[in-house]
Structures are given as C-alpha cells and as structure tokens.
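See below for the structure under consideration.
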Amino acid sequence: ARGEAVREERRGPRVGAPEAAVQGFLKSAGLASLDQATTVTDPKKGEFYLAVIERPGRETLDVLAEILPGIIKSFPWPKSMRWGAASAQPGSLRWVRPLQSIVATFGPETETPEVVPFSVDDITAGTVTSGHRFLAPEPFEVRRFDDYVQALERADVILDADRRKDIILHDAKDLAFARGLDLVEDDGLLEEVAGLVERPVVLMGSFEERFLEIPAEAIRATIRANQKCFVLRKSGSDELAPAFVLVSNLIASDGGAAITAGNERVVRARLSDARFFWETDKATKLEDRLPKLDSIVFHEKLGTQGERVARIAALAKEIAPLVGADPALAERAARLAKADLVTEMVGEFPELQGLMGRKYAALQGEHDSVAAAIEEHYKPVGPSDRVPTDPVSIAVALADKLDTLAGFWSIDEKPTGSKDPFALRRAALGVIRAVIERSLRLSLASLLKGRFASGSDERTADLLAFFADRLKVYLRDQGARHDLIDAVFALPGQDDLLLVVRRVEALGEFLSTDDGKNLLAGYKRAANILRIEEKKDGRAYDEAPDAALAASGQPEERALAEALAAARQEASAAVAAEDFAGAMRALSRLRAPVDAFFEKVTVNADDPALRKNRLLLLNALRAATREVADFSRIEG
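Heads up, the sequence shown is in my numbering, so the first residue is 3 and it goes up one at a time.
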C-alpha cells in the first residue's frame, strides 16, 4: 500500500524582510535558496514568499519501519528498566520488562500481510512469538491481530486485561460462596494481580483463628501488600474469616495444593509479624510517643512533625468554637493525631496511619471524639471520600489542611500546572467540602492571619485566590457556572466560602428568570455606554447622581433614580442580613424602570449637565448590582 502524495503551501516573510527571517523560512521549508520559492501579492500586505512543498506518496511499510522504532523507544512507561549487555550503552532501550520479541505485520485482510522491516536494539521484528512460559513455551507464528489473540489463547495467555480481571473476580466470588464466605473486593489489587498473571487460576488458603485478634485492617494490609491476596469475610458479616484468595499463573498438576501451602506459610509469617507490631504498639501510650515526632522532619523549610503538631493543635483549638467542638478535646486530638506515625504498625504499613492511631487511642481510654479525630482528620482524601461529622474531627481536619496550605504558601511551594507534589489542591478541596457540606461559617482570612512569616497580606490574598479556583472546580462539578463564582469573588472580603456558595446559588436562580436576564442585559448596556463615554471624556462617572436634577427630568429618568435608591438600600440591607434571595428580589424591581429608561431617555443629551447626570444614573445601576455581585464578570 502507498500513501497519497502531499502538496503543502507554506507562507513565508514579506519580500525585503530581514535576512534572519528569510533564512528561517528557507530552513523550515527545506529550500536551498529563494530561487526555489515563489512570490505572491496580497492586496493588503504586499508581496511575500511562498514555498510549495510536494512530497510523493511512500510505501506504508517504509513509513511504519521508519516510525515504529522511535515509538517503541519513547513509550512512556511509569516505570521502566534496562537489561543485558546493551544496558551499559547510553540511549539503550528501556521497557517495562525485558523485551524478547516484536511482532509487526501489515496488509489488507484479503492478502497475506508483510513483516514491517525494522529492528530495536538487535531485536528484529517478525511474525514469531510464544505463549505461557511454563504451560506453552513453544514459539508459533501469527499473521494478524485476530490470529495473535486466538493463538495466545490456545497457548494459555489471555491477552485482554479486562477479561483476566473478570475471570479473577468471578472465580474468587464463586470459590468464596462455595465455602460460605464473601470476597472483600479490592479494585486496586484486582488491577495489579490481573497484570501479574497470563492465565489466572484462583485458589484459597487459610490461616489460624488466633490471628483474627489483630485488627482487620492490619490483616488485610499484610495479606494484600506482601502476598497480593484478597481477604474474605464470614458470610453476611463484617468479621474477617481466617482465609484468603490467591491467584496463580499456573494450572498445577496437584490442583494448586503446593502453591496454596507455600502462600499459607508466608501469610502466617507475615501475620505473626503484624501480631508482634500490634502487641508492641499497645504497650506504649500515644502521648509517650510524641517526643519522637521532634526528630522527624516534615519539610526542611517547615520544621519537624513535632513543630507541625504544635501549630495544628493551636489552630484546632481556635477553630473548635466556630464548628461546635470542645476546644480542649480538639487540642488533645490534634496533639495525638500524628503519634501513630512512629508506631511499628504504621511504620510497616503507612496506609494505616490514622486508623491505627484511633484504635490505640480507644484502647488507652481517650474520649471517643478524640479517637475518631485521629483517624478522620485526614478526610476527605478524595472526591468520593466522606467528610467527618464529629465537630472535633472537623476542627482537627481543617487545622491540619490549613496549616499545610499556609506552610507551603509561605515557602512558595505552590502547585504549578499538573504538578502538585504535596497534594495542596486536595487539601484545599478538603477544606471546601468540609465548610460547604457541613454548613460551616468560617473567615479563612482570619484563620490564616499570622500563619505566614512574611508578606502576610499578599500571601493570604494569593491563597484565597487559590481557594476561589478550587471552589470553581467544586461548584462546576455541582453544575454551577464559573462566571457567577468570579462575579461573587470579585467583591471585597469574600473569605466565607459558605456565604460565597449561597450568594452564587441565589445569583444563579435570579439570572435564570426573565427579570434577571433583562436586568443583566440592561447592566451590560449601561456598562458599555459608561465605558465609551468615560474613555471619550477622560474621566470616571463614579459619584452619586443629582436627585433633584433627575426629578426634574423625564418621568422614566425620575422613576429610575427613585428605583435605584430604593433597590440599593434594600439589597444592601438584605446582604447584611445574609438574605441573598431577598437581595435578588430587590434588584429584580429594577427591570421595568431600566427598560423604560433605555426606551424613552436619550443618555447623551445636548445639555451637558443632563448628560452627566444620566451617566451618573447608569453608574448608580452599576453600583446597585455590585451590592450582590460584579455583573461585569457575568457572561451573557
């Protein structure tokens, strides 16, 4: 097969352009001199150079042979490796696992496909591959993809990862059901295990009942992390069963007995370690572990975990009354919140941080709210994770996240583009969700005051702008318009996120009505007139209109002046009372007088005094709407 010929016209600089521009054009177009270019005349821009580049069609096999080596060498694996003697050479191939062979063929379905002729690091593309390393290691030939899938299946390799996952999940559920147990599903582990096997065979192992004295989460973490196995529950219960499901890559002649026995030995050894960690940790109170936090660096510029805990405890105590929590309990919970980081269990399984702290705190007789906060202060850790409900947990969670954000802002370690190594976007979203979903009234500016070593006002404003961006993302996912959020945040002092959301909701409802749409249109018209006239006159029309002059004008002029004065006063009072729906109702009464004004009144009157006052009336409309939002930020 041959590709089509390509003809491309590439426009160059103007005739007489600097030499550097001409040489750049020649190089990009692949021309040796201007003799190979033509000139074209544009009625507006004059003469300019034009390169006509013609590329003849090429054989598809040749094109593939040229591009495939580069694709293979630059394939973006999250983790890759080098191997063999060639690995010592610079630029040697990196792949997720040692590459043994390459199958590359091309051709129509009705003809015998041809091999794409290329090599990568002495591996030449061909038509030969092999199946399962132990069950069917013999090489075989394939011609096209359909043959490849079917031949691999016959050679005990299931190519489709989703199908392997489906086999593992259904076989594991069936095996558990047959033993009167329920599988504890784990999507992450399923994904990982499906990538480790070619021909999955599900088996079941067991361990002694005595290990069930260990917390269920620790048992699951042990079996998952060390053996890539699934734990099981007793049917209809949350209690774990002394059994687990493993996935083999072999159809063993003994039915998997030896494989199961080997896994059971390792699981018992790992559970013995976990039991030792559990018993050892229980012997030392969390409070007695706190001095160790002073030797753990949180960040080289932000001090130790011990210093961080002191900051979080002070902030949690400050936040507690604002969220209905006991300040003493909030401070106590914050002081113990990171203590489990130096326990044996969390040292072995970091994913159990917080959870193990809660268990140790409960065993040591801490208040239920304190124990709960030790686990829940990390929440929410994702968009689907729940927000804490206990006020003490909320206080500590907010303190933890705000301290993290303020700390990294103070050293200019802010998220950039797709990079967010310290999960600051997640921390901000956690604060937003806690505030909104638990209907909390907090002034973020007040809580952040004094959290920065220098440039406090600037850093606070920058961090609040970051919260505004994150709030846009959150509300957009809830169906809100981003421009309405901008319109509200454009007003000064918008650091109470719950009020921002309520104002955005009221604004959205108002603008969905005919009154709202027409008032917005009237505002836009007024703003455009003011922009043009202010630019022409070289001054701002930002003072109050002359009420007496407006009263002596046309009836529509007088009616608008009276309506604006009443609406602004009523809207301001409603906003002060946090009655945003009431503020919108006040603005809605402006629709009729605004429409009538534009229909009957000429703004640019011949009388300079009258013209000025009418422009000031338009500014009064702008000021009245600004009681609830900056309408200039609203689209439409």
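Here a beta-carbon is modelled for each residue, glycine too, at the ideal position from N, C-alpha and C.
C-alpha gap between residue i and residue j, whole angstroms
i, j, result
"Phe-147", "Glu-155", "12 angstroms"
"Pro-71", "Phe-108", "15 angstroms"
"Asp-479", "Leu-473", "10 angstroms"
"Ala-157", "Gly-133", "5 angstroms"
"Glu-193", "Phe-232", "12 angstroms"
"Ala-470", "Phe-491", "7 angstroms"
"Ala-575", "Ala-585", "8 angstroms"
"Asp-581", "Arg-443", "15 angstroms"
"Ala-549", "Asp-539", "22 angstroms"
"Val-199", "Leu-252", "9 angstroms"
"Thr-40", "Arg-12", "11 angstroms"
"Lys-537", "Tyr-543", "11 angstroms"
"Gly-86", "Asp-123", "11 angstroms"
"Gly-48", "Arg-16", "7 angstroms"
"Val-603", "His-484", "35 angstroms"
"Ala-631", "Ala-374", "40 angstroms"
"Ala-89", "Ala-163", "Residue identity check: residue 89 is Ser in the sequence provided, not Ala. Straight-line Cα distance between these residues: approximately 29 angstroms."
"Arg-57", "Phe-120", "23 angstroms"
"Glu-535", "Ala-553", "23 angstroms"
"Glu-564", "Gly-638", "27 angstroms"
"Glu-629", "Ala-489", "11 angstroms"
"Lys-319", "Phe-512", "39 angstroms"
"Gly-264", "Lys-230", "14 angstroms"
"Ile-69", "Ser-82", "21 angstroms"
According to DSSP, residues forming a beta bridge with residue i
i, result
"Gly-128", "Val-105"
"Glu-439", "Paired residue(s): none; Glu-439 is not in a bridge."
"Glu-193", "In the DSSP output, where bridge partners are listed per residue, Glu-193 has none listed."
"Gly-207", "Phe-246"
"Met-83", "Trp-97"
"Glu-56", "Arg-9"
"Phe-232", "Val-247"
Residue-chain proximity (residue i, chain B), Cβ-Cβ < 8 angstroms
i, result
"Glu-545", "As a matter of chain content, chain B is missing from the structure shown, which is built from one protein chain."
Range covered by the beta strand (DSSP E) that runs through residue i
i, result
"Pro-24", "Reading the sequence as shown, one finds Val at residue 24 and not Pro. Premise fails: Val-24 lies in the alpha helix (DSSP H), 21–31, not in any beta strand (DSSP E)."
"Thr-114", "Looking at the DSSP string, Thr-114 is not in any beta strand (DSSP E), and its letter there is neither H nor E."
"Glu-10", "8–16"
"Pro-141", "141–143"
Local conformation of residue i per DSSP, three classes
i, result
"Ser-239", "coil"
"Ala-625", "helix"
"Ser-76", "coil"
"Tyr-51", "strand"
"His-172", "helix"
"Pro-371", "For the sequence presented, residue 371 should be read as Ser rather than Pro. Helix, per DSSP."
"Asp-184", "strand"
"Glu-601", "helix"
"Phe-351", "coil"
"Gly-419", "coil"
"Glu-200", "coil"
"Ser-121", "strand"
"Leu-617", "helix"
"Glu-545", "coil"
"Glu-637", "coil"
"Ala-285", "coil"
"Ser-89", "helix"
"Val-630", "coil"
"Tyr-525", "helix"
"Leu-252", "coil"
"Val-344", "helix"
"Ser-706", "Absent from the model: residue 706. The displayed extent of the chain is 3 to 638, so no value can be given."
"Ala-138", "coil"
Range covered by the alpha helix (DSSP H) that runs through residue i
i, result
"Pro-393", "393–412"
"Thr-43", "Here Thr-43 belongs to no alpha helix (DSSP H); instead the beta strand (DSSP E) covers 40–44."
"Val-299", "No alpha helix (DSSP H) contains Val-299, which is instead part of the beta strand (DSSP E) from 299–301."
"Tyr-150", "147–156"
"Val-311", "307–325"
"Tyr-362", "357–365"
"Arg-334", "329–338"
Closer than 7 angstroms: residue i CB and nearest the ligand NAD heavy atom
i, result
"Leu-191", "Here there are no bound small molecules, and the ligand NAD is not part of this structure."
Original post:
What runs of the alpha helix (DSSP H), each 4 residues or longer, lie entirely inside the segment 439–516?
Top reply: 446–450, 458–479, 484–491, 499–513
**OP:** Mind listing, in chain order, the continuous alpha helix (DSSP H) runs of no fewer than 4 residues lying wholly within the segment 550–602?
**Re:** 557–578, 582–590, 593–602
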